[in-house]
Amino acid sequence: MRAATMRMALLGLSLGLAVGQASAEIPANVMAQFSQLSPAQQEAVAAQYGVDLSQLKSQQGDASQAAPMPATLAPRTVDNSQATQRQPIIQNSSLQPFGYNVFAAQPTSQTPLTDIPVPDDYVVGPGDELRVQMYGKENASYRLKVNRDGSVEFPKLGPISVAGLTFQQVSNTLQSRIAEQFIGVESAISFGALRTMQVFIMGDAYQPGAYNVNALTTVTQALQIAGGIDTVGSLRKIQVKRAGKTIQNVDLYKMLIWGNTEQDIRLRAGDTIFVPAKGTEVTVDGLVKRPAIYELSGPAAIGSVLDVAGGLKAEALREVMVTRRGEEGTQVFNLNLASGSDRNFTIRDGDKIEAKPTTTEYSKAIAIKGAVVREGTYSYQPGIRISQLLKDARRDLKATADLDYALVVREINPRHDIEVIQFNLGQAINQQDGVNDLLLQPRDTLLVFDRDVKGYFPNNVSMADKPGVGTAQISASSSQAETQRQDKALAQAQKDMSANQVLDRSTGALVNKNEISQPSHNLELNDVAKGSASNTVVKNSREELLAPVIEKLKAQSSHENPVQIAEVRGEVKFPGIYPLGRYTTQADLLIAAGGPKETAFTAELSRVNEAADGSLSIVYERYSLPQLQASSAPKTQSKDSLNVLANPDWRGQATVQLFGEVKYPGTYTVRRGEKLSDLLKRAGGVTQFGNANGSVFARESLRRQEADRLTYIKEQLQQEIATMTLRRQTGSMGVRASSPTEASELVGKLDSSQAIGRMTISLPAILNGDKRADVVLEDGDKLYVPSFQNVISVAGQVQMPTSHVFDPALSIQDYIDRSGGTKKQADTDRIYVIKANGAVMLPSSNYWFSRSNQVLEPGDTIIAPIDTDYLDSLSTWSTATQMMYQLGVAWAAIKN
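Count the sequence shown with my numbering and you get residues 521 to 1416, in order.
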């Protein structure tokens, strides 16, 4: 009793001193002693020393919660490039030893892990701490530590023996005693601090030594506390020793691979975990699910080793290769896992097992590519036909699919040589089991072609059809500026048929150079089998799909087996090179090329024949189209060339446009050989207001030539600007050099200049019936008959370029004088006249001052050129360009 009183006094003094401090923080050991007092004793101590009991109970509640323990482990990276973590020896293998990273950690202290749930079957022993919470009629909480004799001292109940009992048994015992001794009081039993013990981890652990652990620690937990196992240590032969005897062998592979924790026993104080060096090692590489370096616990069959590695992947071949090094060198064993004896092949230390991949080629599949809705590969079934893959043309084919021509590309031998079979796709779908509904084989490729070609359709709308433009708007102006405007407008109207357009051989239409498709010859047949959907517009599906087939036929050809291809040219929809089948006829070849055009008339077949002496000759045979398209058409041979020729009397629809002062202007369709005089009769002739002598006739072929000349002049001018030093100052010869600014402006004007393609004609002579002056019309010709304008224009190096009212009494010099006379740089010896009909006349001295010979006529233009000796070369080009830009004749005016 005296001891208890003394303990209460010391405890109360400690509480009073602690509360009197500024921090008011009571030490944890004092609070632990205070919590062991009864509620009455706690109240007495608090009242005696002036301590707030509620504050003490609050701090007591905080102390009852386990304080967070400092971390004892930190993650650690295993360097698998080292044979051992303590002796860095570099390994060349890219594979890593299996399982070592699972337990890898970095020990930071000797503090045991305490924040671990306690199971009900845990055996309580000395050093453990129990927590008792009483509630109901009496509220109290106690911390009871198990003494060395295995008992706990419970206030008012005395010592209670708990050693050797499980936690569940201790909990039931204490709750029963409390219920019997304290009426109306219930209790809750929990675990406090676990007892600590010392174990030893030896051998090839990452950090061997003695460790303080809690009583719940298992073998794997202890290994993790020691940082894991060094890469030279064994994962399969770990020993747990107790009192000098091995009580458990631990194979960590059972836990890592199969999840079996049966060997992961709890440790006791003084136990030793010994990690020996690893034994047999094998390498498992290739197409296995867990390629790595594995440790074997003993002799093992290859089947068991592969099971440890997770087994083979789906794409792996059932055959594996084992490489073994011995005294006699390196041996290789090729094993078939389907064989029982091979699967039991014994693996030795250092063996390397490699699982090989199987082939990636399709074996039981059929590929479909081209103008189908769903490209790709389809499974092969014996007896499958085309109609079973493509059942409905509307559902399975694109709207542009060619139903008359399709191919099956078939492999015929182990070298992957091919042959082609041509068939009618529409009949194959609609007439099941018919001659065209082919029976397919594995690895067949079905090619469906497109009957359309992406082309460029030029704007052929006539000028009279353009919005906002009528014949009333097409008239000549008396001023030179209006003439230039008309020339520029008409040239812009003809820009649709530009020099960048070429003839598309496949369609016969004019197309833009950038729109012509280029065949791709980089495709492999297996790519056709794999197939990939594409959203791009098909330019020429025949060329794109046939390119790899033709290349393969060329590659497999030999002297005994000539290449099975033929060419179709001329008046067909898709000229080109096509593969030949065993029974391909000339009719089939014509179908492959899309059939003849409406212009086709006859065909010429050229064939290479080889004589008995090996000499080659080419023979020609002529066939009519009915002969080629008949069922009895001749069979094709290697390298045949079929040239489909056009009807010499056939031509496409040709149109000619008439503008200006004709009775019925507009666009007319003309027949072949029709002349301008015939067309003018159909159009009602020239009106009484028309100026036949000033008519302008334009032709497309001439316009292209003129455009080429403009391009050439522009390039020459740009070259002069780039290579010559342009200076404004006068040279030694007194010649003025052009400035870069002036030259650049002229280049800009040249860019805006448009080719017209004018051809000089004598319309009055044509109207008078002169056959020699008449013109045979071509498609795209244009004729403009201006209204009569009684003016003479003066341009070039005169003081004031302008137009004057025509006066037959005036000569050329008179009109020049009325324009202020010539400039200093004018070449007066070469003044010329551009007639109203486009002809150029250089007046002789007889006509220079003449008034009686009627040299000038209404609509003529007098040109005073510049003296070329006055300018440098760049200025000459600049002036020539300016003259081409400024000078023009009356023309139909249209603005786009």
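Note that beta-carbon positions come from the ideal geometry of N, C-alpha and C, so glycine has one too.
Mind checking who Y814 pairs with in its DSSP beta bridge? Along the sequence shown, one-based indexing puts residue 814 at 294. Answer is V802, bridged to Y814.
Measuring straight from C-alpha to C-alpha, what distance separates V638 and V682? Position 118 of the sequence shown, counted from the first residue, corresponds to residue 638. Position 162 of the sequence shown, counted from the first residue, corresponds to residue 682. In a straight line, the C-alpha of V638 is about 16 Å away from that of V682.
Does DSSP put L694 in a helix, in a strand, or in coil? Numbered from its first residue, the sequence shown carries residue 694 at position 174. Note: L694 maps to helix in three-state DSSP.
Could you check the C-alpha separation between Q701 and N734 for me, to the nearest Å? Taking the sequence shown and counting its residues from 1, the one referred to as residue 701 is at position 181. Taking the sequence shown and counting its residues from 1, the one referred to as residue 734 is at position 214. Approximately 33 Å, taken between the alpha carbons.
How should A1329 be labelled, buried or exposed, when 16 other C-beta atoms within 10 angstroms of its C-beta is the threshold for buried? Taking the sequence shown and counting its residues from 1, the one referred to as residue 1329 is at position 809. Exposed is the call here.
Can you give me the start and stop residues for the alpha helix (DSSP H) that K774 sits inside? Numbered from 1 along the sequence shown, position 254 holds the residue referred to as residue 774. First-last of the alpha helix (DSSP H) with K774: L772 to W778.
Span of the beta strand (DSSP E) around A1120: The residue given as residue 1120 occupies position 600 in the sequence shown. Its beta strand (DSSP E) spans residues A1120 to E1130.
Would you be able to state if there are at least three C-beta pairs under 8 Å between the region 1295-1303 and the region 1205-1225? yes
Under a Cβ-count criterion, where at least 16 other Cβ atoms within 10 Å of its own Cβ denotes burial, should M717 be classed as buried or exposed? Residue 717 sits at position 197 when you count from the first residue of the sequence shown. Its Cβ being crowded by 16 or more others within 10 Å, M717 is buried.
As a quick exercise: from D964, G712 and M1320, pick the residue whose alpha carbon is nearest that of A1384. Counted from its first residue, the sequence shown places residue 1384 at position 864. When only C-alpha atoms are compared, the closest one is M1320.
Can you look up V1069 in the DSSP assignment and give me helix, strand or coil? Position 549 of the sequence shown, counted from the first residue, corresponds to residue 1069. Three-state result, V1069: helix.
Assuming T792 contacts K761 (C-beta within less than 8 Å), just tell me the rounded distance between them. Working through the sequence shown from its first residue, we reach residue 792 at position 272. Working through the sequence shown from its first residue, we reach residue 761 at position 241. Going by Cβ atoms, the distance from T792 to K761 rounds to 4 Å, so yes, they are a contact pair.
What first and last residue would you give for the alpha helix (DSSP H) that runs through K1093? Sequence index remark: in the sequence shown, residue 1093 carries index 573 (1-based). K1093 -> no alpha helix (DSSP H), and no H or E assigned at all.
Could you compute how far the alpha carbon of R894 sits from the alpha carbon of L1065? Taking the first residue of the sequence shown as position 1, residue 894 is located at position 374. Taking the first residue of the sequence shown as position 1, residue 1065 is located at position 545. If I take the Cα positions, the gap works out to 16 Å.
Whole beta strand (DSSP E) elements within the region 1168-1229, 3-residue minimum: 1174-1180, 1186-1190 and 1216-1218
Buried or exposed (CB count within 10 angstroms, at least 16 for buried), T1156: If you number the sequence shown from 1, residue 1156 lands on position 636. Label assigned to T1156: buried.
Using DSSP bridges, identify the partner residues of Q759. Working through the sequence shown from its first residue, we reach residue 759 at position 239. DSSP output for Q759 lists N769 and F794 as bridge partner(s).
Following the continuous alpha helix (DSSP H) through S709, name the residue where it begins and the one where it ends. As a working mapping, residue 709 is identified with position 189 in the sequence shown. Here the sequence assigns Ile to residue 709, which means Ser is not the residue at that position. Here I709 belongs to no alpha helix (DSSP H); instead the beta strand (DSSP E) covers V705 to F711.
In three-state terms, what does DSSP make of A1355? As a position in the sequence shown, residue 1355 is number 835, starting the count at 1. A quick correction: the sequence has Lys, not Ala, at residue 1355. Of the three classes helix, strand and coil, the one that applies to K1355 here is coil, per DSSP.
Beta-carbon spacing of I1351, I1386 below 8 Å: Here the question's residue 1351 lines up with position 831 in the sequence shown. Here the question's residue 1386 lines up with position 866 in the sequence shown. Not a contact, by the Cβ cut-off of 8 Å.
Using three-state DSSP, classify N950 as helix, strand or coil. On the sequence shown, position 430 is the one that residue 950 refers to. Correct three-state label for N950: helix.
C-alpha gap between F1308 and N1211, whole angstroms: What you label residue 1308 is simply residue 788 of the sequence shown in a count that begins at 1. What you label residue 1211 is simply residue 691 of the sequence shown in a count that begins at 1. Approximately 5 Å between the Cα atoms of the pair.
Which word fits M1361, buried or exposed, when buried means at least 16 other C-beta atoms lie within 10 angstroms of its C-beta? Indexing the sequence shown from 1 puts residue 1361 at position 841. Its Cβ having fewer than 16 others within 10 Å, M1361 is exposed.
Using beta-carbon positions only, say whether L958 and I941 come within less than 8 Å of one another. Looking up residue 958 in the sequence shown gives position 438. Looking up residue 941 in the sequence shown gives position 421. Their beta carbons are under 8 Å apart, which means L958 touches I941 by this criterion.
Mind checking who E673 pairs with in its DSSP beta bridge? For the purposes of this step, residue 673 is taken as the residue at position 153 of the sequence shown. According to DSSP, which records beta bridges pairwise, E673 is partnered with P679.
How long is the line joining the alpha carbons of Y1188 and L1165, rounded to whole angstroms? Within the sequence shown, numbered from 1, the residue matching residue 1188 stands at position 668. Within the sequence shown, numbered from 1, the residue matching residue 1165 stands at position 645. Cα-Cα distance, rounded: 28 Å.
Bridge partner(s) assigned by DSSP for N734: Along the sequence shown, read from residue 1 onward, the residue named residue 734 stands at position 214. According to DSSP, which records beta bridges pairwise, N734 is partnered with T716.
Less than 8 Å between the CB atoms is what I'm expecting for S754 and A797, so what's the real figure, rounded? In the sequence shown, residue 754 corresponds to position 234, counting from 1. In the sequence shown, residue 797 corresponds to position 277, counting from 1. S754 to A797, Cβ: 6 Å. Contact.
With a Cβ-Cβ cutoff of 8 Å, do Q562 and G747 count as a contact? What you label residue 562 is simply residue 42 of the sequence shown in a count that begins at 1. What you label residue 747 is simply residue 227 of the sequence shown in a count that begins at 1. Not in contact: Q562 and G747 (Cβ atoms no closer than 8 Å).
Which residues does DSSP pair with H1324 in a beta bridge? Indexing the sequence shown from 1 puts residue 1324 at position 804. BP columns for H1324 point to I1312.
In chain order, what residues of the same chain have a beta carbon less than 6 Å from the beta carbon of R786, not counting five sequence neighbours either side? Residue numbering aside, residue 786 sits at position 266 when the sequence shown is read from its first letter. Hits under 6 Å: T738.
Since S1307 sits in a beta bridge, which residues does DSSP pair it with? Taking the sequence shown and counting its residues from 1, one reaches residue 1307 at position 787. Partner(s): G1210.
Measuring straight from C-alpha to C-alpha, what distance separates P1095 and D805? As a working mapping, residue 1095 is identified with position 575 in the sequence shown. As a working mapping, residue 805 is identified with position 285 in the sequence shown. So the alpha carbons of these two residues sit roughly 54 Å apart.
Could you round the C-beta distance between G1153 and Q1106 to whole angstroms and report it? I think they count as a contact, below 8 Å. Taking the first residue of the sequence shown as position 1, residue 1153 is located at position 633. Taking the first residue of the sequence shown as position 1, residue 1106 is located at position 586. A small fix is needed here, since residue 1153 is Ala in this sequence, not Gly. That belief holds up - the Cβ atoms of A1153 and Q1106 are roughly 4 Å apart, short of 8 Å.
Just grab the DSSP bridge partners of R930 for me. Taking the first residue of the sequence shown as 1, we reach residue 930 at position 410. Bridge partners of R930: E939.
Endpoints, alpha helix (DSSP H) assigned at G860: Taking the first residue of the sequence shown as position 1, residue 860 is located at position 340. That run of the alpha helix (DSSP H) goes G860 to R863.
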